[in-house]
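Take the first sequence: its letter number 116 is residue 116 in the working numbering, and every next letter is one higher.
Glycine included, each C-beta is placed from N, C-alpha and C at the ideal position.
Heads up, the thing below is written out as structure tokens.
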Amino acid sequence: MFQEKEIEELIRKYALENAVKFGGKCNPQAVLGKVFGERPELKSNARNLVKIVNEISEQINSLSLEDQKNLLSQYSFGERHAQPKKEEKILPPLPEVEKYGKVVTRFAPNPDCVLHLGSARAIILSHDYARMYGGKFILRFEDTDPRLKKASLPFYESIKDDLRWLKCEWDEEYIQSDRLPIYYEYARKLIEVEGAYVCTCEGEAFKKLLVEKRPCPCRSLSVKENLERFDKMLDGTFGEGRAVLRIKTDLNHPNPAVRDWPALRIVDTRRHPHPRVGSKYRVWPLYNFSAGLDDHLMGVTHIIRGKEHYTNMVRQKYMYSYLGWVYPTAIHYGRLKIEGGVLSKSKIMQGIAKGLYSGFDDPRLATFKALRRRGILPETIRQIIYEVNIKPVDATISWTTLYSINKKIVDPIAPRYFAVFNPIVLAIRGFGEERKIVLRKHPNVDSMGYRSISLIPENSVLKVYISKNDLELIKKFNVFRLMGFANLTEFNLKFTYAEARVHSFDIETAKKLDAPLIHWVPVTECVKVQMITPNGELIEGFGEKGLAEEPVGSIVQLEREGFARIDSKQDNIVKLYFSTR
RNA sequence: GCUCCGGUGGUGUAGUCCGGUCAAGCAUGUCGGCCUUUCGAGCCGUAGAUCCCGGGUUCAAAUCCCGGCCGGAGCACCA
């Protein structure tokens with residue numbers, strides 16, 4: 001009991017703090033929380049403490065705010081108020097790592113399309129976790145459907161290309177169409193342990209039985225009969241669609257989707273040749289079979305994939321139990337979308353086929369190719385993935401978030417240039433002498449050097465391009481400033497061009513007059529620029545000649561316009577892809 | 001319909017497992033200011049959340065329990 005005084009003091013201290021924080025009235029609950037935070041052992045005595053806290057709170061609340069502040073100043077608080085807030089986003093620990101000697105992850109795409117943002121979670125998380133724990137990252141092409149979701153040769157390469165761009169190098173590479181004999185071997189094994197049977201039932205009839213939780217006639221066939229039937233699948237006795245190998249499951253499983261799922265089916269590869277192995281095989285594994293086997297065979301410890309695969313895990317576990325295997329740790333995440341970005345493989349493929357999109361890198365598509373061409377950096381994608389993390393919920397990220405991340409990375413390294421779109425000629429009268437303007441390539445980074453713009457007047461007239469988009473702004477002021485150059489006045493818009501006269505040169509005057517700053521390009525020294533906007537349109541204009549000296553692939557900032565990536569240069573035309581504002 | 005899984009400011013997320021320093025943190029966006037020869041960056045500040053709803057347990061619930069609502073996923077001889 002001799003501690004009582006001390007505890008009361010503690011309560012008083014937090015009550016005062018809370019009261020001062022909330023305008024004179026403290027909340028006993030919050031005070032209690034703070035006290036427990038400092039003295040957790042008091043929790044067992046919570047009931048009694050509540051009474052004391054309530055009493056003290058009442059006392060404190062009857063005081064004026066001034067008195068509370070004065071009393072509060074007598075107490076000292078530890079370090080807890082000052083803690084560094086900004087911490088770098090890192091991945092949370094991967095579950096169950098201690099179960100395995102070495103972490104092994106995999107990314108297993110079907111090479112039937114290019115990769116898009118929807119795969120970013122699987123790729124980056126799988127790769128980065130493998131690296132984080134000094135493990136192994138496997139790339140496995142799942143090209144086992146020669147008919148419906150048929151693989152196509154160029155995509156094998158483009159997927160690898162995207163992976164490299166994302167800085168996700170893989171340690172091992174497999175292609176499932178090379179592994180058919182392995183799958184056949186395990187099919188026989190599963191038949192032998194009575195974990196699988198060859199079913200020749202017609203689809204609808206089987207489904208009906210399935211819903212009623214009843215076995216089909218094929219289910220009770222002997223091992224011998226099943227092996228014979230399996231041979232008939234392989235040798236062509238059974239035609240396409242006439243037989244499948246099924247994995248036995250619990251027919252009473254509450255989810256009809258997991259009951260006796262199909263493992264291998266027959267595809268007429270004469271009519272539907274596989275892009276890599278042609279018509280060599282006619283029995284092809286289904287996803288759960290080949291992926292399930294491979295995950296174990298390749299020693300995968302952590303499967304990171306979309307939540308649409310959740311029931312697949314349940315299905316595959318039956319196969320694992322027949323084989324005496326332990327299922328890897330599976331983590332399922334939700335869909336990652338980007339507002340307005342096209343993320344569906346079929347829409348991408350169809351849109352391109354119809355000419356709706358210019359290609360796999362059309363800026364309206366959320367493919368890695370498109371993102372890359374727009375100057376979105378792999379670091380930005382990675383940061384987004386770290387940010388959304390592994391959650392089974394869908395996330396729609398906004399372009400503005402992506403922009404701001406990208407901008408933070410790009411801003412310090414992007415040289416600045418002027419480029420005028422929607423141009424109109426501005427004739428500056430009474431400008432006799434030739435001049436050279438020297439500007440910094442980056443306002444805060446001296447080491448990036450300088451750019452110079454030569455001004456060559458003709459008959460005392462200097463012609464520059466300005467953007468029609470700025471006309472409204474200019475009209476509102478008596479004086480406007482061409483950035484880095486001169487303050488102009490007496491603006492006069494003619495039919496095809498505009499006129500103005502030099503008012504002064506110094507920035508101080510411009511500031512004093514509150515003149516708007518306009519970017520510009522001299523007519524006598526410029527390059528033609530074309531830029532693809534995010535909605536796929538092409539806009540044209542003129543840019544500083546220095547733009548043509550920046551390497552292809554680099555990102556520049558067009559002042560007052562935004563960031564853009566230099567896509568190509570030819571015939572004195574610089575082609576840009578707009579990146580972010 | 002059946003089977004899973006979720007629901008925290010506009011958006012994304014932290015916290016939820018193990019109830020209490022959370023009258024809810026961070027980022028981005030909004031708005032305002034400072035700075036700046038960009039409408040960019042940076043700095044400072046502001047507003048914005050019934051923690052899906054209802055009930056229960058408890059001294060105490062974003063957190064645990066029950067019910068509901070809403071959303072997503074799966075239910076292919078696709079992956």
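Q) Hey, which unbroken runs of the alpha helix (DSSP H) at 4 residues or more fall wholly within the stretch 441-515? A) 471-475 and 507-512, all fully within the stretch 441-515.
Q | Status (buried if at least 16 other CB within 10 Å, exposed otherwise) for F289 | A | As a first step, residue 289 must be located in the first sequence, where it is residue number 289. Buried: at least 16 other Cβ atoms inside 10 Å.
**Q.** Minimum length 3: unbroken beta strand (DSSP E) runs contained in the stretch 140-211
**A.** Inside the stretch 140-211, DSSP marks whole beta strand (DSSP E) runs of 3 or more residues at positions 172-175 and 196-199, from first to last along the chain.
Q: Label Q59 either buried or exposed according to how many other C-beta atoms from any shown protein chain fall within 10 Å of its C-beta, with 16 as the threshold for buried.
A: Taking the first sequence and counting its residues from 1, one reaches residue 59 at position 59. Per the 10 Å Cβ criterion, exposed.
Q: Report the option in F230, Y174, K208 and Y327 whose CA atom is closest to the CA atom of V198.
A: For this step, residue 198 is matched to residue 198 along the first sequence. Closest by alpha carbon: F230.
**Q.** Sequence-distant residues of its chain with Cβ nearer than 7 angstroms to K545 (five each side left out)
**A.** The residue labelled residue 545 in the question sits at position 545 within the first sequence. The residues are E525, C526 and V527.
Q) Rounded to a whole number of angstroms, what is the C-alpha to C-alpha distance between K150 and H274? A) The residue given as residue 150 occupies position 150 in the first sequence. The residue given as residue 274 occupies position 274 in the first sequence. Between K150 and H274, the C-alpha separation is close to 8 angstroms.
**Q.** Endpoints, the alpha helix (DSSP H) within which A592 is located
**A.** Limits of the chain in this structure are 1 at one end and 581 at the other, which puts residue 592 out of reach.
Q: Excluding the 5 residues preceding and the 5 following K86 in the sequence, name in chain order all residues of the same chain whose CB lies nearer than 7 angstroms to its CB.
A: Looking up residue 86 in the first sequence gives position 86. Bear in mind that the predicted position of K86 carries a pLDDT of just 42, short of 50, making it too unreliable to give a figure here.
Q. In whole angstroms, what separates the C-alpha of I480 from that of A500?
A. Locating residue 480 in the first sequence gives position 480, where the first residue counts as 1. Locating residue 500 in the first sequence gives position 500, where the first residue counts as 1. Reading the sequence as shown, one finds Phe at residue 480 and not Ile. Pairing F480 with A500, the inter-Cα distance amounts to about 10 angstroms.
Q) From this set, Q29, L166, T489 and H272, which residue's C-alpha is nearest I376's C-alpha? A) In the first sequence, the residue the question calls residue 376 occupies position 376. When only C-alpha atoms are compared, the closest one is L166.
**Q.** Sequence-distant residues of the same chain with beta carbon closer than 6 angstroms to I405, five excluded per side
**A.** In the first sequence, the residue the question calls residue 405 occupies position 405. The beta carbon of I405 lies closer than 6 angstroms to those of T380 and Q383 in the same chain, with the five residues before and after it left out.
Q.
Only counting the same chain, and skipping five residues up and downstream in sequence, which positions put a Cβ closer than 8 angstroms to that of G562?
A. Working through the first sequence from its first residue, we reach residue 562 at position 562. Non-local C-beta neighbours of G562 in its own chain, meaning closer than 8 angstroms and more than five positions away in sequence, comprise F578, S579, T580 and R581, ordered along the chain.
Q: For P254, count neighbouring C-beta atoms within 10 Å of its own C-beta (all shown protein chains included) and say buried if the count is 16 or more, exposed if not.
A: Position 254 of the first sequence, counted from the first residue, corresponds to residue 254. Residue burial is scored here from C-beta neighbours: P254 has fewer than 16 other C-beta atoms within 10 angstroms and is therefore classed as exposed.
Q. If we count Cβ pairs, one from each stretch, closer than 8 angstroms, do we get three or more for the stretch 319-330 versus the stretch 396-411?
A. Touching, no.
Q) So which of W261, E240 and K441 has the shortest CA-CA distance to I247? A) Within the first sequence, the letter at position 247 stands for residue 247. Of the listed residues, the one whose Cα sits closest to I247 is W261.
Q) Which same chain residues, not among the five before or five after E79, have their C-beta less than 7 angstroms away from its C-beta? A) Residue 79 sits at position 79 when you count from the first residue of the first sequence. Residue confidence is low: E79 scores 49 on pLDDT, short of 50, so the model does not pin down where it sits. Its coordinate-derived value is still stated next. Nothing meets the Cβ criterion.
Q: At 4 residues or longer, and completely inside the stretch 302-334: list those alpha helix (DSSP H) runs for me, N to C.
A: Whole alpha helix (DSSP H) segments, 4+ residues: 310-323.
Q. If we call anything under 8 angstroms between Cβ atoms a contact, is S467 one with V502?
A. Locating residue 467 in the first sequence gives position 467, counting from the first residue. Locating residue 502 in the first sequence gives position 502, counting from the first residue. With respect to the 8 angstroms criterion, S467 and V502 are not classified as neighbours on the basis of their beta carbons.
Q: Alpha carbon to alpha carbon, how far is L439 from R451? Give it in angstroms, no decimals.
A: The sequence position of residue 451 within the first sequence is 451, counting from 1. The sequence position of residue 439 within the first sequence is 439, counting from 1. Using only the alpha carbons, I get a separation of about 5 angstroms.
Q) In chain order, what residues of the same chain have a beta carbon less than 8 angstroms from the beta carbon of K25, not counting five sequence neighbours either side? A) For the purposes of this step, residue 25 is taken as the residue at position 25 of the first sequence. Cβ neighbours of K25 within its own chain (closer than 8 angstroms, five residues either side excluded): A19 and N61.
Q) Is R565 near R374, with beta carbons less than 8 angstroms apart? A) Numbered from 1 along the first sequence, position 565 holds the residue referred to as residue 565. Numbered from 1 along the first sequence, position 374 holds the residue referred to as residue 374. Yes, the pair counts as a contact, with Cβ atoms nearer than the cut-off.
(Q) Whole angstroms are fine: how far does the CA of V104 sit from the CA of H81? (A) Numbered from 1 along the first sequence, position 81 holds the residue referred to as residue 81. Numbered from 1 along the first sequence, position 104 holds the residue referred to as residue 104. Legend: pLDDT at H81 = 42, less than 50; position of this residue unreliable, value from coordinates given subsequently. In a straight line, the C-alpha of H81 is about 42 angstroms away from that of V104.
Q: Could you tell me the distance, in whole angstroms, from the CA atom of P84 to the CA atom of L91?
A: In the first sequence, counting from the first residue as 1, residue 84 sits at position 84. In the first sequence, counting from the first residue as 1, residue 91 sits at position 91. Note that P84 scores a pLDDT of 40, beneath 50, so its modelled location is shaky; the value from the coordinates is reported in the next line. Roughly 19 angstroms between the two C-alpha positions.
Q: Express the C-alpha separation of P215 and K208 in angstroms, rounding to a whole number.
A: Along the first sequence, read from residue 1 onward, the residue named residue 208 stands at position 208. Along the first sequence, read from residue 1 onward, the residue named residue 215 stands at position 215. Cα to Cα, the separation comes out at about 10 angstroms.
Q) DSSP beta-bridge partners for E559? A) Along the first sequence, read from residue 1 onward, the residue named residue 559 stands at position 559. For E559, DSSP records no beta bridge to any residue.
Q) Which residues mark the beginning and the end of the alpha helix (DSSP H) in which L71 is found? A) Numbered from 1 along the first sequence, position 71 holds the residue referred to as residue 71. DSSP places L71 inside the alpha helix (DSSP H), whose first and last residues are L65 to L72.
(Q) Rounded to whole angstroms, what is the Cα-Cα separation between E433 and F368? (A) As a first step, residue 433 is located in the first sequence; it is residue number 433 there, counting from the start. As a first step, residue 368 is located in the first sequence; it is residue number 368 there, counting from the start. Approximately 50 angstroms between the Cα atoms of the pair.
Q: Tell me G541's beta-bridge partners as DSSP assigns them.
A: One-based indexing of the first sequence puts residue 541 at position 541. Note: G541 sits in a beta bridge opposite F421 and V529.
Q) Where S126 and A330 are concerned, what is the direct C-alpha to C-alpha distance, given to the nearest angstrom? A) For the purposes of this step, residue 126 is taken as residue 126 along the first sequence, with counting starting at 1. For the purposes of this step, residue 330 is taken as residue 330 along the first sequence, with counting starting at 1. Going by the C-alpha atoms only, they are around 11 angstroms apart.
Q.
Can you confirm whether the stretch 356-367 touches the stretch 112-119 when touching is taken to mean that 3 or more C-beta pairs between the two stretches lie within less than 8 angstroms?
A. With a cut-off of 8 angstroms on Cβ pairs, the stretch 112-119 is in contact with the stretch 356-367, counting three or more such pairs.
Q) Mapping DSSP to helix, strand and coil, what is S568? A) Start at 1 with the first residue of the first sequence, and residue 568 comes out as number 568. Note: S568 maps to strand in three-state DSSP.
Q.
At the level of alpha carbons, what is the spacing between F360 and I453?
A. Within the first sequence, the letter at position 360 stands for residue 360. Within the first sequence, the letter at position 453 stands for residue 453. Distance between F360 and I453, taken at the CA atoms: about 38 angstroms.
Q: May I ask you to report which of helix, strand or coil DSSP gives Y357?
A: Locating residue 357 in the first sequence gives position 357, where the first residue counts as 1. Collapsing the DSSP output to three states places Y357 in coil.
Q: Kindly indicate which three-state DSSP category A370 falls into: helix, strand or coil?
A: Residue 370 sits at position 370 when you count from the first residue of the first sequence. Helix.
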